[in-house]
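Notes for the one structure printed next.
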């Protein structure tokens with residue numbers, strides 16, 4: 014069985030456990046307490062998704078150049094309890110996709126990199142796997158190093174990373190994600206602050 018299939022198979026018992034949960038702050042806390050770094054699930058999925066990056070089967074489609082890539086590892090099916098699984102690679106080093114005012118210059122530890130604005134019609138369960146020791150992802154509860162974020166149904170945001178490279182392995186109920194939502198005007202013009 015190849016690494017991609019191993020990752021999907023390893024995810025199925027987890028998806029069975031969370032299939033009736035609604036993403037949000039309580040689920041985010043539960044995910045971090047139950048399946049955070051050090052847990053068998055987190056460590057297995059981290060190893061497999063890093064293997065996928067190295068072997069080229071995960072986050073292999075460039076969205077904004079080599080430092081912003083993603084790929085859907087599987088569509089929502091009965092097998093995956095109607096969740097899709099997607100991997101995103103983001104790296105804040107050497108510049109940024111959206112210019113912001115909270116950093117000094119590219120390569121600065123506070124330099125952030127933003128991806129495509131999107132919405133979560135049914136929420137999202139997102140496992141954050143740092144590749145650099147200082148890499149963090151902006152989540153609904155603040156910056157997340159290693160662990161989970163769980164934006165609730167109807168939420169929308171720019172994915173944003175600072176401090177280096179990371180992988181976001183996310184599970185979407187019914188595979189629903191919307192790239193046709195527009196950011197609020199203030200989010201487009203306001204300086205981003207950590």
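Residue numbers (the working numbering): 14 to 207.
No residue lacks a Cβ here, since even glycine has one placed at the ideal position from N, Cα and C.
#1: Please report how far the alpha carbon of residue 130 lies from the alpha carbon of residue 42, in whole angstroms.
#2: Would the segment 177-184 and the segment 87-105 be scored as touching if the rule is three or more Cβ pairs under 8 Å?
#3: Go ahead and pull the three-state DSSP assignment for residue 57.
#4: Beta carbon of residue 166, beta carbon of residue 35: below 8 Å?
#5: May I ask you to list the residues that DSSP assigns as paired with residue 146?
#6: Let me know the beta strand (DSSP E) ranges lying completely inside the segment 34-81, each 3 residues or longer, listed in chain order.
#7: According to the neighbour-count rule (16 or more other Cβ atoms, all chains shown, within 10 Å of its Cβ), is residue 79 buried or exposed?
#8: Taking the alpha-carbon positions, what's the residue 73 to residue 66 distance?
#9: Mapping DSSP to helix, strand and coil, what is residue 85?
#10: For residue 4, is the classification buried or exposed, using 16 other Cβ atoms within 10 angstroms of its Cβ as the cut-off for buried?
#11: Are the beta-carbon atoms belonging to residue 105 and residue 125 less than 8 Å from one another?
#12: Output the boundary residues of the alpha helix (DSSP H) element that contains residue 26.
#13: Would you say residue 96 and residue 186 are within 8 Å of each other, going by their C-beta atoms?
#14: Taking all protein chains shown into account, do 16 or more other C-beta atoms lie within 10 angstroms of the C-beta of residue 176, making it buried, or fewer, making it exposed?
#15: Residue 194 by DSSP, collapsed to three states: which one?
#16: Starting from the N-terminal side, write out each stretch of the beta strand (DSSP E) that is 3 residues or longer and does not extend beyond the segment 155-185.
#17: Contact defined as beta carbons within less than 8 Å: I believe residue 159 pairs with residue 142. What is the distance between those atoms, to the nearest angstrom?
#18: CA-CA distance, residue 8 and residue 169?
#19: Can residue 144 and residue 161 be called in contact, C-beta distance under 8 Å?
#20: Taking C-alpha atoms, which residue in 90, 93 and 75 lies nearest to residue 83?
According to the structure shown:
#1: 24 Å
#2: yes
#3: helix
#4: yes
#5: Answer is none; residue 146 lacks a bridge partner.
#6: none
#7: exposed
#8: 7 Å
#9: strand
#10: Lying before the first or after the last residue shown, residue 4 is absent from the chain, which here runs from 14 to 207.
#11: yes
#12: 16-31
#13: yes
#14: buried
#15: coil
#16: 155-157, 160-162, 168-170 and 173-175
#17: 7 Å
#18: The structure shown does not extend to residue 8, since the chain spans only 14 to 207, so no value can be given for it.
#19: no
#20: 75
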